[in-house]
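Going down the list, the protein sequences come from chains A and B. Mapping to this note's numbering: the first sequence position 218 is 212, numbers consecutive. Mapping to this note's numbering: the second sequence position 120 is 114, numbers consecutive. Quick reminder that beta carbons are idealized off the backbone N, C-alpha and C, glycines included.
There are 2 protein chains.
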Amino acid sequence: MLAAVLQVRAGSLQVMLWERAREPHAHRWSLPGGGLGGDEDVEASIRRQLAEKVDVRQLSHVEQLAVFSNPARVPGPRVVATAFLGLVPSHIDPVVPSDTGWHPVDALPATAFDHEAICRRARNRLASKLSYTNLGFALAPPEFTISALRALYSAALGYKVSATNLQRVLSRRGLLEPTGGTVQPGPAGGRPAALFRFVSGEMRVTDPFAVLRPPAARSLGS
Amino acid sequence: MLAAVLQVRAGSLQVMLWERAREPHAHRWSLPGGGLGGDEDVEASIRRQLAEKVDVRQLSHVEQLAVFSNPARVPGPRVVATAFLGLVPSHIDPVVPSDTGWHPVDALPATAFDHEAICRRARNRLASKLSYTNLGFALAPPEFTISALRALYSAALGYKVSATNLQRVLSRRGLLEPTGGTVQPGPAGGRPAALFRFVSGEMRVTDPFAVLRPPAARSLGS
DNA sequence: CCAGGTTTTCGCCTATCGGTCGAAAACGTG
DNA sequence: CACGTTTTCGACCGATAGGCGAAAACCTGG
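In structure tokens:
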């Protein structure tokens, strides 16, 4: 029962970790989590853990990542961990306990147990799903400019994406919608950027955008 | 620790189930599985379970599906199940115990517990991954004709796919390779079909074929 | 051995999609 | 009001997906 909570902050994809005070693996950084209660399923449990240990009630998305069960993954008796991927939109800055902080997933500090591998898996899952689902909504604030969205995707994917192409691809899939509003240009000037949102009701992951589609729906009646 | 083992048989996607002899849910159909041993991880465990209970050593692919943990999913004390998706290539016909058989995933008999939902999840996962990964290799025999492959994809996806398009898409991704051999036409005649295989070394799932790719690798030196 | 039926293969056409670029729009500053 | 800046938009092009039909290659029956 662990969660890799990811957020784009300061232009890089970061994960929330807390520093262990006690052995084993004292002073190493660890993913938040905890045991499963008697009257909840694993997803309810991880949400409870996150709400307890750190102030994260604003998770925009939570999904199962994988079960990690190597007998040697932690010292002592075997612990089977159900790992989750959690996402926080970029516009909020959760207040976290003093032992907890954010770290770029590509430059992790010394981590406890197999938590580094779990972070990598989370990162990869996110990158994949950004391509073939609408998961981007979970990284973005309610309203955003295209360049802000571009920065989010670039950080999460690990490479620059073209703003033009990003806007076209997402729009063509029917995910993006202009709000009508604009944002003031910075001190250096520039054209005011239009604001967009993910279309209402798309705030949950939809089916992947598949190739090898069903044969042409030949606009048949009934 | 359950597995939905899927195979295309007789033109439809089927799942391996065994009929419960005892309560609870006697005479209902159930997914194979069992408890986790002390010295194995969950994947080793599910492979052991499958090899014990039924003669399935020929799994072409096994992956974690999801954890099912609803406290009410089974009567009595709560049981957390790690569910797997297993695949068997279409050319083998495992010998199974007398209480075990195959059932079309779209026409399941009365199932035990939440196993119907698990089967649906397995079906959906397979259909998705066929689109954006090379997972097709796990359904197909070592060599096959394009029409045979088309039948496999159609059965797994639930709709007809075009043989022309299927061949082109898979070839363009570099997954398909002609063996040079052909197969004798049936009694009705017809042009002999060429045999193909999935390219060697691609017998494991590769990265998804993503959109929003990295910027053009501009053929730079070094 | 030829006509007709069958199945596969292949090339062509078209629409869409993804990637890139550059011009134009819309702002600020000096 | 010229200039720098940032965003937006249109245009182009190659790659991809989907569809169609002709041609290839085989069988059987007459």
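Inset, instruction - May I ask which residues mark the beginning and end of the alpha helix (DSSP H) holding residue 63 of chain B? - result: No alpha helix (DSSP H) holds residue 63 of chain B; DSSP gives it neither H nor E.
Legend entry - Cutoff 7 Å: residue 64 of chain B Cβ touching any chain A Cβ: yes
Legend entry - Reduced DSSP category for residue 84 of chain B - H, G, I as helix; E, B as strand; rest coil: coil
Legend entry - Inter-stretch contact (C-beta, 8 Å, three-pair minimum) for the stretch 185 to 199 of chain B and the stretch 98 to 113 of chain A: no
Legend entry - Where residue 200 of chain B falls: helix, strand or coil (DSSP): coil
Legend entry - Sufficient close CB pairs (3 or more, under 8 Å) joining the stretch 8 to 28 of chain B to the stretch 156 to 171 of chain B: no
Legend entry - Contact the stretch 31 to 40 of chain A vs the stretch 81 to 101 of chain A: 3+ CB pairs below 8 Å: no
Legend entry - Segment contact flag, the stretch 163 to 183 of chain B with the stretch 115 to 123 of chain A, C-beta cutoff 8 Å, min 3 pairs: no
Legend entry - Spatial neighbours of residue 149 of chain A in its chain, beta-carbon cut-off 8 Å, leaving aside the 5 residues before and after: 2, 5, 6 and 7
Inset, instruction - Could you give the DSSP three-state label for residue 43 of chain B: helix, strand or coil? - result: helix
Legend entry - For residue 54 of chain A and residue 132 of chain A, believed in contact at Cβ under 8 Å, the rounded distance: 4 Å
Legend entry - From A:209, A:82, A:181 and A:74, residue whose alpha carbon lies closest to that of residue 146 of chain A: A:82
Legend entry - residue 155 of chain B: contacting residues in chain A (beta-carbon distance under 9 Å): 206, 207, 208 and 209
Inset, instruction - Use the C-beta contact count for residue 197 of chain B: other C-beta atoms within 10 angstroms, 16 or more gives buried, fewer gives exposed. - result: exposed
Inset, instruction - For residue 101 of chain A, collect the residues of the same chain with a Cβ closer than 8 Å to its Cβ; drop the 5 residues on either side in sequence, then sort them by chain order. - result: none
Inset, instruction - Below 7 Å between beta carbons is the criterion; list the residues of the stretch 35 to 64 of chain B that meet it against any residue of chain A, in chain order. - result: 35, 36, 58, 60, 61, 63 and 64
Legend entry - Boundaries (first-last residue) of the beta strand (DSSP E) holding residue 163 of chain B: Taken as a continuous stretch (DSSP letters only), residue 163 of chain B belongs to no beta strand (DSSP E), being part of the alpha helix (DSSP H) at 157 to 166.
Legend entry - Residues of its chain near residue 185 of chain B, where Cβ-Cβ distance is below 8 Å and the 5 sequence neighbours each way are ignored: 179
Legend entry - 7 Å CB neighbourhood of residue 195 of chain A in its chain, flanking five on each side removed: none
Legend entry - Span separating the alpha-carbon of residue 136 of chain A from that of residue 176 of chain A: 14 Å
Legend entry - Exposed unless 16 or more other CB atoms sit within 10 angstroms - verdict on residue 92 of chain A: exposed
Legend entry - Per-residue DSSP class, three states only, for residue 19 of chain B: coil
Inset, instruction - Report the partner residues of residue 9 of chain B according to the DSSP bridge assignment. - result: B:0 and B:97
Inset, instruction - Look at the Cβ atom of residue 106 of chain A, then the Cβ atom of residue -4 of chain A, and state whether they are nearer than 7 Å. - result: no
Inset, instruction - Look at residue 117 of chain B and residue 99 of chain B and say whether their C-beta atoms are less than 7 Å apart. - result: yes
Inset, instruction - Verify the CB distance criterion: does residue 100 of chain B have a CB-CB separation below 7 Å to chain A? - result: no
Legend entry - Residue from A:154, A:206, A:139 and A:126 whose Cα sits closest to the Cα of residue 155 of chain B: A:206
Inset, instruction - Check the DSSP bridge columns for residue 109 of chain B and list the partner residues they point to. - result: BP columns for residue 109 of chain B are empty, so no partner.
Legend entry - Paired residues, beta bridge with residue 190 of chain B - DSSP: B:138 and B:172
Legend entry - Length of the line joining the Cα atoms of residue 126 of chain B and residue 181 of chain A: 44 Å
Legend entry - Beta-carbon proximity check, residue 80 of chain A vs residue 199 of chain A, cutoff 7 Å: no
Legend entry - Selected residue, minimal CA-CA separation from residue 57 of chain B, among A:27, A:30 and A:62: A:62
Inset, instruction - Report the rounded CA-to-CA distance for residue 28 of chain B versus residue 35 of chain B, giving the unit in angstroms. - result: 13 Å
Inset, instruction - Verify the CB distance criterion: does residue 33 of chain A have a CB-CB separation below 7 Å to chain B? - result: yes
Legend entry - Under 9 Å by beta carbon: chain B residues contacting residue 76 of chain A: 61, 63, 74 and 76
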